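Undergrad: Pasting a structure below so you can have a look.
Residue numbers (our numbering), protein chains in the order written: chain A, 312 to 628; chain B, 1228 to 1508; chain C, 17 to 433.
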């Protein structure tokens, strides 16, 4: 850092006055600096997202059935929202979404944390193990979904075969045909695919915790679990909070994996809100109702994020 | 005292190994199975008797995949989309994350939530209006347009994750530099970003993977072979009247190859950063 | 003299103009019109067939340049919807029968009635081929090929048990019961209860007399007959146990694999999957084909068509050249040779390669009595997002046939409201 050591204010020369680096340096000392830093990203996001979001929201207050032009596209107020309250499929989907998201997140976080803690011990060979453990995340959803469908297949599935050989199963099981196992199987696939997200994030966060803290705790005689509770988790608070919120949003909004594995079946036992909105829009062409479903998902997510940020105190130092 | 500590360390080392090896097997098992499947003839996959080791080996699936899917074009498109996305995120997101991490200002919490909010509206419903916007600005069916669309929902991910890493970077070094007369921007580029470079790398890797694997936007916003990405090409093999397991598995194997290469490079840089001891607070 | 000369010269000039104007469209084409073609072909054989047709077309019509663009089948409607709404539609789109009503209502299709009426190949096609692409006397497309519903059965197992292929639902159920043998891991029938299974539920309901669309144009579902049908069809799993327990999640892939791996004795699908089965089982020895059995009230075998339609009005003339080219026997037979898909043109279907093959006979017969699937705006959505889950709920014993049918009727009323 020696070369950065200059006396301030340095002597001004004619060149200095127009030196762009210097000018930016000066701007960076003004009180609007942080807003300037935020400007490019904020502009970009607004340019791409604002109009589509508003458009989607206004659809929810209109009659918008693309295959029924005879009905027009008039404003219908809260009609779609009223219908939703009385729609049993909405409530089933809401319940399934809650199960799907909480179980998947809990599983992913737990495995991710354990893996990160183990990797952070820097044991010989852990670099190779790290790469192996992170591999599932590199697979596209399309591939992960289809390959698990093959492995869990009631006729061709290797997992069934292994379980039968181990004596844990009497015969091949159709995991996705039984409502009592369909959701659980889908959650396992999702957790397998996405837990490395937590591992990598937590691992990177762990590297940033000063070792001195642990040394001090050792001297105080704190055991490993106490250290985890008192040092590690609090230090990782913001990283974990960000990871959880981002994953929740991803899980609530993307129907990819369930679309491949179950399409919401059997019956409606794996029907989640994102899938329902997708089907309403692109199978029933009822964009008004799909818009209303989306708005409700949006509000639920906002509520969750707001509460979570409050409770986890991400924004306090 | 010292002896019990080393004994408990040994115990935890063993536990760690058991956990890591168990997880590695669970992670790699399905991928190995995918690989084995990709070497099988269709008749050895769709069969009553389970073959753990392919009874006969064929590379036909890879050859067919190469000939049918236009793999090179698809992968180049994916690479372009991914790099542009990461680049835009780096340029605009790094400074935003820094601002959120280092400054207290009015509306900070609200703004941060605002960045998240844009990710919350279901993509399914945003697609048609986004389609209209892209068409009006002439970015429909182009790799750049797709990258811009990705940026809109990956940038929040980038900013939030990176903010966490900036938060974790000790503030003392930065304060020291500031006392020495460095400007804020100087401190940002010369002190904070180097300290948080592991986090920066990890964040870039996530954004890159997300962009590489994204399906729905890619499907909807591109049509021609010239701008279509790899996951869409992969999904196209799953026809209405066929599901070619061998080819699909081959596609899966090929699709992780570039990512593994990228990760190998990044991993080395990450390790180098760690051993340099930059993080010691 | 002068006046006569004048008149003659005027006539001459007029004739010249007429000839020139007749040439005009051709002249415009000479600059080569580019059109793009959206389709859902995926397999190698389908692409080989498409390539062949495009090659023949390029030789015959150098003035129209066709670019093909394949769209994943499950996301096809989403993609077309977005294209129509945003005004970036393709020139020509392949439309299967069940998608016609929704696309027409969306305003995606252009009227081709006059062009088809004036077409010299029109007489090669039976009128019924156009039934699923017509509304209110207007025709919107030309069939490219046909999928004929039929049944595949394990000939070796049937012979072994001394059974003949069933011709009625009752015989079908008997055969399924007789061929089910848990000890051998054999089931009588591979039911499609997962993705795509809605079509069979609707067919069986119609087989029991619960027709959806009535002569007077009204749409409704006869509750009692529908319940009887759902009870019988789901009963194959929940009462008779002649269907693999995986049925509630078995889509096309699974029923095919169940048949190909020797788990099931019978399979209902259409001609499109013949070659796939023939790859893994010996045609004529291990498996054979038969017409779909008749229901107690109606005989329901569907004829599904892939139509080519003009989706962009501006390029309709160039598009028409490509659309009608699929009706040329040369193109249809070239496509058949690569894919095994049945031509829609009656003339092409009389080709020796088809009529001479006994395995194709049930399909040729079905062409005589087969009927198109019901079609009205909202039908596809209702059948997929209401009928199928409701039926699955019966399969997993979460609902009774009565509850499921009530759910279907409610959904139907909402869809057509």
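By construction, the Cβ of each residue, glycine as well, lies at the ideal position given by its N, Cα and C atoms. Every value quoted in this text rests on a predicted model; they were computed, and no experiment measured them.
With a floor of 3 residues, list each beta strand (DSSP E) that falls wholly inside the segment 308 to 337 of chain C, ordered by position along the chain.
TA: Taking only runs of at least 3 residues, the beta strand (DSSP E) segments lying wholly in the segment 308 to 337 of chain C are 319 to 326.
Undergrad: Tell me where the alpha helix (DSSP H) around residue 335 of chain A begins and ends.
TA: Note, residue 335 of chain A: alpha helix (DSSP H), 331 to 338.
Undergrad: For residue 1337 of chain B, count neighbouring Cβ atoms within 10 angstroms of its own Cβ and tell me buried if that reaches 16, exposed if not.
TA: With fewer than 16 Cβ atoms within 10 Å of its Cβ, residue 1337 of chain B is classed as exposed.
Undergrad: Under the rule that 16 or more other beta-carbon atoms within 10 Å means buried, what is residue 1462 of chain B, buried or exposed?
TA: That one is buried.
Undergrad: Can a CB atom of chain C be found closer than 8 Å to the CB of residue 1267 of chain B?
TA: So, not an interface residue.
Undergrad: Exposed or buried, what is residue 391 of chain A when buried is set at 16 or more other beta-carbons lying within 10 Å of its beta-carbon?
TA: Classification for residue 391 of chain A: buried.
Undergrad: Give, in chain order, every unbroken run of the beta strand (DSSP E) that is at least 3 residues long and sits entirely within the segment 257 to 293 of chain C.
TA: Runs of the beta strand (DSSP E) inside the segment 257 to 293 of chain C: 280 to 286.
Undergrad: Can you round the beta-carbon distance between residue 264 of chain C and residue 210 of chain C to whole angstroms, since I take them to be within the 8 Å contact cut?
TA: Right, the Cβ-Cβ distance comes to about 6 Å (below 8 Å), so this counts as a contact.
Undergrad: Cβ of residue 1483 of chain B within 8 Å of Cβ of residue 450 of chain A?
TA: Yes, the Cβ-Cβ distance between residue 1483 of chain B and residue 450 of chain A is below 8 Å.
Undergrad: Rounded to the nearest angstrom, how far is the Cβ of residue 241 of chain C from that of residue 224 of chain C, given a contact under 8 Å?
TA: 5 Å between Cβ atoms; contact.
Undergrad: Hey, does residue 21 of chain C have any beta-carbon neighbour from chain A nearer than 8 Å?
TA: The pLDDT assigned to residue 21 of chain C is 44, lower than 50, so where the model puts this residue is not dependable; a value taken from the coordinates is nonetheless given after this. Judged by the 8 Å Cβ criterion, residue 21 of chain C is not in contact with chain A.
Undergrad: If you reduce the DSSP assignment to three classes, tell me which class residue 408 of chain C lands in.
TA: Three-state DSSP puts residue 408 of chain C in a helix.
Undergrad: Under 7 Å between beta-carbons, which chain C residues line up against residue 1516 of chain B? List them in chain order, please.
TA: With chain B covering only 1228 through 1508, there is no way to say anything about residue 1516 of chain B.
Undergrad: If you draw a straight line from the C-alpha of residue 134 of chain C to the C-alpha of residue 337 of chain C, how long is it?
TA: Residue 134 of chain C and residue 337 of chain C: Cα-Cα distance of roughly 13 Å.
Undergrad: Taking residue 116 of chain C as the reference, which of A:378, A:386 and A:618 has the closest Cα?
TA: Ranking A:378, A:386 and A:618 by Cα distance to residue 116 of chain C puts A:378 first.
Undergrad: Quick one: residues in its chain with C-beta nearer than 6 Å to the C-beta of residue 323 of chain C, no 5 flanking neighbours on either side, listed in chain order?
TA: Closer than 6 Å at the Cβ level, and outside the excluded window around residue 323 of chain C, lie 111, 149, 157 and 159.
Undergrad: What is the DSSP secondary structure of residue 1472 of chain B, reduced to helix, strand or coil?
TA: Reduced to three states, the DSSP call for residue 1472 of chain B is helix.
Undergrad: Beta-carbon within less than 8 Å of residue 488 of chain A's beta-carbon, same chain only, minus the 5 sequence neighbours each way: which residues are those?
TA: Answer for residue 488 of chain A: 465 and 577, listed in chain order.
Undergrad: Let me know the secondary structure DSSP gives residue 1449 of chain B once reduced to three states.
TA: Reduced to three states, the DSSP call for residue 1449 of chain B is coil.
Undergrad: Run through the segment 135 to 199 of chain C for me and flag every whole beta strand (DSSP E) of 3 or more residues, listed as ranges in chain order.
TA: 157 to 170, all fully within the segment 135 to 199 of chain C.
Undergrad: Assign residue 405 of chain A to buried or exposed, taking buried as 16 or more other Cβ atoms, counted over all protein chains shown, within 10 Å of its Cβ.
TA: Residue 405 of chain A comes out buried.
Undergrad: Check this for me: beta carbons of residue 61 of chain C and residue 595 of chain A, under 8 Å apart or not?
TA: Their beta carbons are not under 8 Å apart, which means residue 61 of chain C does not touch residue 595 of chain A by this criterion.
Undergrad: With respect to the beta strand (DSSP E) encompassing residue 54 of chain C, which residues constitute its N-terminal and C-terminal limits?
TA: Where residue 54 of chain C is concerned, the enclosing beta strand (DSSP E) stretches over 49 to 55.
Undergrad: What is the rounded straight-line gap between the Cα of residue 1292 of chain B and the Cα of residue 1474 of chain B?
TA: Answer to the nearest angstrom: the Cα atoms are 6 Å apart.
Undergrad: Compare the C-beta of residue 265 of chain C against all C-beta atoms of chain A and say whether one is closer than 8 Å.
TA: Yes, residue 265 of chain C counts as interfacial toward chain A.
Undergrad: What residue ranges within the segment 1409 to 1461 of chain B form continuous alpha helix (DSSP H) runs of no fewer than 4 residues, ordered along the chain?
TA: If we require 4 residues or more, the alpha helix (DSSP H) runs fully inside the segment 1409 to 1461 of chain B come out as 1411 to 1414, 1424 to 1440 and 1443 to 1448.
Undergrad: For the segment 278 to 294 of chain C, which residues have a CB atom closer than 7 Å to at least one CB atom of chain B, in sequence order?
TA: Here the close residues are 278, 288, 289 and 292.
Undergrad: In the structure shown, what three-state DSSP assignment does residue 1320 of chain B receive?
TA: Here residue 1320 of chain B sits in helix by DSSP.
Undergrad: Could you check whether the Cβ of residue 341 of chain A sits closer than 8 Å to any Cβ belonging to chain C?
TA: It does not: the Cβ of residue 341 of chain A has no partner Cβ on chain C nearer than 8 Å.
Undergrad: Would you mind reading off the limits of the alpha helix (DSSP H) that contains residue 384 of chain C?
TA: Element bounds for residue 384 of chain C: 377 to 385.
Undergrad: Mark residue 340 of chain A as exposed unless 16 or more other C-beta atoms lie within 10 angstroms of its C-beta, in which case mark it buried.
TA: Residue 340 of chain A comes out exposed.
Undergrad: Report the start-end ranges of each beta strand (DSSP E) in the segment 54 to 87 of chain C that is 3 residues or longer and not cut off at the edges.
TA: Runs of the beta strand (DSSP E) inside the segment 54 to 87 of chain C: 80 to 86.
Undergrad: At which residue ranges does the segment 1345 to 1398 of chain B contain complete alpha helix (DSSP H) runs of 4 or more residues, listed in the order of the chain?
TA: Correct list: 1350 to 1363 and 1370 to 1395.
Undergrad: Would residue 362 of chain A pass as an interface residue toward chain C - the criterion being a Cβ-Cβ separation below 8 Å?
TA: Cβ-Cβ to chain C under 8 Å: no for residue 362 of chain A.
Undergrad: Just the chain A side, please: which residues come within less than 9 Å of residue 93 of chain C by C-beta, in chain order?
TA: The contacting residues are 593, 594 and 596.
Undergrad: Quick one: which residues of the segment 577 to 591 of chain A get their C-beta closer than 7 Å to a C-beta of chain C? List them in chain order.
TA: The residues in question are 577, 578, 579 and 590.
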